[in-house]
Amino acid sequence: MDGPVYKDSFIEITKDEKGFYLKSFRTGMSADDFNKIIKKFPQIKITSFFTVKDVLSKVQDEPVLFGEEKERVTVEVTPDQIKAYLYLNVPEAELEPEYRKQLVEEIVNALAEKDVVYGINSGVLYGKLENYKKILIAEGIPPINGEDSVIRLYEIEGPKPQVIDNDKVNHYELNLINHVEEGDWLGDRKDPTPGMPGKAVTGKQINQVPGKMLPLFYDRASVREEYINGVTTLYARKSGAVCYKGDSISVYDCLEIKGNVDFKTGNVDFSGYLTVKGTIEDNFAVTADRDIEIMGEYGVGAANKIDSRDGNIYIRGGIAGQNKAFVRCSKNLYVKYLKDVVVECDGTVYIGFYAMNANITAKQVIVEGSRGRIVGGKITADYRVESAEIGNRAEIRTIVKVKGFDRDKMKDQLNYITEKLETARKKMSKTKQAIQAYNSAQSLTPEQRASYAKILDEYALTREEIRDYELERRNCIDYLKTPGEGAVIAKTRLHPKVRIEIKDLSEEIVEESLGRTYYYNNSELCVRD
């Protein structure tokens, strides 16, 4: 309504179709006083603060335009259309219940203009209303998105030797091969849930996002699936050893010899995993493509050869090789003790208790027991040799040689592997998205099925690459923990007649010393007690 809005001895505010006008009868009104007046008229929006300041500073007979009228009632709907909010800019008197009839009609009309028809809280219209407040006037029902399928798979942990050494027993325990029988559980997948649709304040249905059906990767030749009541379960088709290629679970052939390898069995050469429950008799040999575990409590004697072409070896009872036994593996060797034996290992040799008169070549040689010893023989490692004691009081000749490494090159290698790992992870993420797109399709053409199969193979290969890079990265980080650029660590005692060689430097130990570390740094053989 046009005409006078406010008047006192200082100012007058009037209104017409263009907006609000201000004139001043005399000076002396402060900006704070003016703001207190304006707060009583929430419908006024000041468009020029400079004009207000100028008018208040002098006598202004002619009214000057300084503001415009705000919308009395505003309704805003959230982008997801779940909620609608009400904003009021009306004189305070109109907020009183007895004068609210026209305002309620305006609110109802504003809701209709925004198509708000559902979830209106009519109690708000007759409750306490305020200017300058965000008032929730309507609320719909949010959709409940479905949950993705949940997958559980047989877990394979890395080898973790357990050394038990006390006055009564000493054991070196390890779970290397994960055995399963035909029909054993290998994993399951619970179907995704569809979720529930919601309803917008406009009355329209809001579609939910159904859960995603995540793929199960498994070798169909060795693993079967069974679907019952929304759950797909994986079972072993045969007895063997569980292993993964990428994310694909499979059961690999595993030969289990219940007793010993002897004249009854002959020498053994197997293409998969090998478990020997007993021992390997003197002069007999075992070879396998994958992991080998020899579980006999009393270990192995003068066996001819124990050879894993592409795996780890675990010998629960140790080896007393009588200078005849030969052990070779492409990964790690885990053994209770080594005596009078030759070992060639492309990974790390972990020894539970002692190495005596053994000739060992590996990346690292670590005797894990708190009373572990290296006595006699020759130990050759690329990075580190570590034991509680090296040598003994009888001063048996013991040679420990560490080839050493270039720390800067190792750091560069770590950075290179980390970059390759990140690239492979990004590639796998894109491949996962492509797989999900195929899984979401209602049906596939023959060409699409062929492409889908190709993508699954690509995913498996990429996952295998990631596993290899992760292993390389862990190894690099482990090697970089070595002091200097190669180290020999005697944690409790170092005896005379031990010769230590690191890179091109060497030292003969002539006096017994307590815990001591020799390491190569800046072309010097350094010592740390």
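Each residue of the sequence shown is one higher than the one before, starting from 0 at the first, in numbering that gives the first Met the number 0. We put the CB at the ideal spot given by N, CA and C, even for glycine.
(request) Determine, using beta carbons only, whether residue 192 and residue 225 come nearer to each other than 7 Å. (result) One-based indexing of the sequence shown puts residue 192 at position 193. One-based indexing of the sequence shown puts residue 225 at position 226. It is not a contact, given that the beta carbons lie outside the stated cut-off.
(request) Look at the alpha carbon of residue 396 and the alpha carbon of residue 321, and state the distance between them as a whole number of angstroms. (result) What you label residue 396 is simply residue 397 of the sequence shown in a count that begins at 1. What you label residue 321 is simply residue 322 of the sequence shown in a count that begins at 1. Going by the C-alpha atoms only, they are around 18 Å apart.
(message) Given this structure, state the Cα-to-Cα distance separating residue 437 from residue 428, to the nearest angstrom.
(response) By 1-based counting over the sequence shown, the position of residue 437 is 438. By 1-based counting over the sequence shown, the position of residue 428 is 429. Residue 437 and residue 428: Cα-Cα distance of roughly 15 Å.
(message) Using only the alpha-carbon positions, how far apart do residue 124 and residue 229 sit?
(response) Translated into positions along the sequence shown, residue 124 becomes position 125. Translated into positions along the sequence shown, residue 229 becomes position 230. Using only the alpha carbons, I get a separation of about 48 Å.
(message) Excluding the 5 residues flanking residue 142 on each side, which residues of the same chain have their C-beta closer than 6 Å to its C-beta?
(response) Position 143 of the sequence shown, counted from the first residue, corresponds to residue 142. Once the five neighbours on either side are set aside, the close Cβ partners of residue 142 are 196, 197, 205 and 207.
(message) On the DSSP bridge list, what partners appear for residue 355?
(response) In the sequence shown, counting from the first residue as 1, residue 355 sits at position 356. Residue 355 pairs with 338 and 374.
(message) For residue 317, count the other beta carbons within 10 Å of its own beta carbon; 16 or more makes it buried, fewer makes it exposed. Which is it?
(response) Locating residue 317 in the sequence shown gives position 318, where the first residue counts as 1. The residue is buried, with at least 16 neighbouring Cβ atoms inside 10 Å.
(message) Classify residue 276: buried if its beta carbon has 16 or more other beta carbons within 10 angstroms, exposed otherwise.
(response) As a first step, residue 276 must be located in the sequence shown, where it is residue number 277. Residue 276 comes out exposed.
(message) Here's the rule: buried if 16 or more other CB atoms are within 10 angstroms of the residue's CB, otherwise exposed. What is residue 188?
(response) Taking the first residue of the sequence shown as 1, we reach residue 188 at position 189. Residue 188 comes out buried.
(message) I want to know whether the segment 73–80 touches the segment 47–57 - three or more CB-CB distances under 8 Å.
(response) no
(message) Output needed for residue 391: all residues of its chain with C-beta closer than 6 Å, excluding positions within five of it in sequence on either side, in chain order.
(response) For the purposes of this step, residue 391 is identified with residue 392 of the sequence shown, where counting begins at 1. Excluding sequence neighbours, residue 391 sits near 374 and 494.
(request) Could you name the residues that DSSP lists as bridge partners for residue 178? (result) Looking up residue 178 in the sequence shown gives position 179. DSSP lists 240 as partners of residue 178.
(message) Judging by CA-CA distance, which residue of 294, 186 and 1 is the nearest neighbour of residue 315?
(response) Residue numbering aside, residue 315 sits at position 316 when the sequence shown is read from its first letter. Nearest option by C-alpha distance: 294.
(request) Mind checking which residues open and close the alpha helix (DSSP H) that includes residue 103? (result) Here residue 103 refers to the residue found at position 104 of the sequence shown. Note, residue 103: alpha helix (DSSP H), 100–112.
(message) Going by DSSP, what residue range makes up the beta strand (DSSP E) through residue 515?
(response) Sequence index remark: in the sequence shown, residue 515 carries index 516 (1-based). Run containing residue 515: 512–520, per the beta strand (DSSP E) assignment.
(message) Alpha carbons only, please: which of 503, 496, 522 and 521 is nearest the one belonging to residue 510?
(response) Here residue 510 is taken as the residue at index 511 of the sequence shown, counted from 1. Comparing Cα-Cα distances from residue 510 to each of 503, 496, 522 and 521, the minimum goes to 496.
(message) If you measure between the beta carbons of residue 401 and residue 526, is that distance less than 7 Å?
(response) As a first step, residue 401 must be located in the sequence shown, where it is residue number 402. As a first step, residue 526 must be located in the sequence shown, where it is residue number 527. No. Outside cutoff.
(request) Just tell me which of 489, 289 and 377 has its CA closest to the CA of residue 368. (result) Translated into the one-based positions of the sequence shown, residue 368 becomes position 369. When each option's Cα is compared against that of residue 368, the closest is 489.
(request) Leaving out five residues on either side along the sequence, give the residues of the same chain with a beta carbon under 8 Å from the beta carbon of residue 89. (result) Against the sequence shown, residue 89 aligns to sequence position 90. Only 41, 42, 71, 72, 102 and 130 meet the Cβ criterion.
(message) Just verifying my parser: in three-state terms, what is the DSSP assignment at residue 393?
(response) Taking the first residue of the sequence shown as position 1, residue 393 is located at position 394. If DSSP states are grouped into helix, strand and coil, residue 393 belongs with coil.
(message) In the DSSP assignment, the alpha helix (DSSP H) including residue 476 goes from what residue to what residue?
(response) Here residue 476 refers to the residue found at position 477 when the sequence shown is read from its first residue. Counting along the chain, the alpha helix (DSSP H) containing residue 476 begins and ends at 445–479.
(request) Pull up the distance between the alpha-carbon of residue 140 and that of residue 186, whole angstroms please. (result) Here residue 140 is taken as the residue at index 141 of the sequence shown, counted from 1. Here residue 186 is taken as the residue at index 187 of the sequence shown, counted from 1. Using only the alpha carbons, I get a separation of about 37 Å.
(request) In the DSSP assignment, find the unbroken beta strand (DSSP E) run with residue 13 in it and report its ends. (result) Here residue 13 refers to the residue found at position 14 when the sequence shown is read from its first residue. From DSSP, the beta strand (DSSP E) with residue 13 extends over 10–15.
(message) residue 457 and residue 422 - do their beta-carbons sit closer together than 7 Å?
(response) Position 423 of the sequence shown, counting from 1, holds the residue named residue 422. Position 458 of the sequence shown, counting from 1, holds the residue named residue 457. Not in contact: residue 422 and residue 457 (Cβ atoms no closer than 7 Å).
(message) So for residue 380, helix, strand or coil by DSSP?
(response) One-based indexing of the sequence shown puts residue 380 at position 381. DSSP places residue 380 in strand when its eight states are reduced to three.
(message) For a test of the three-state rule: what should DSSP assign to residue 92, helix, strand or coil?
(response) Indexing the sequence shown from 1 puts residue 92 at position 93. Three-state result, residue 92: helix.
(request) Check whether the segment 255–265 touches the segment 280–297, counting contact only when three or more Cβ pairs, one atom from each stretch, lie closer than 8 Å. (result) yes
(message) Between residue 508 and chain C, is the shortest Cβ-Cβ distance under 7 Å, so that the two count as touching?
(response) Here there is only one protein chain, and chain C is not present.
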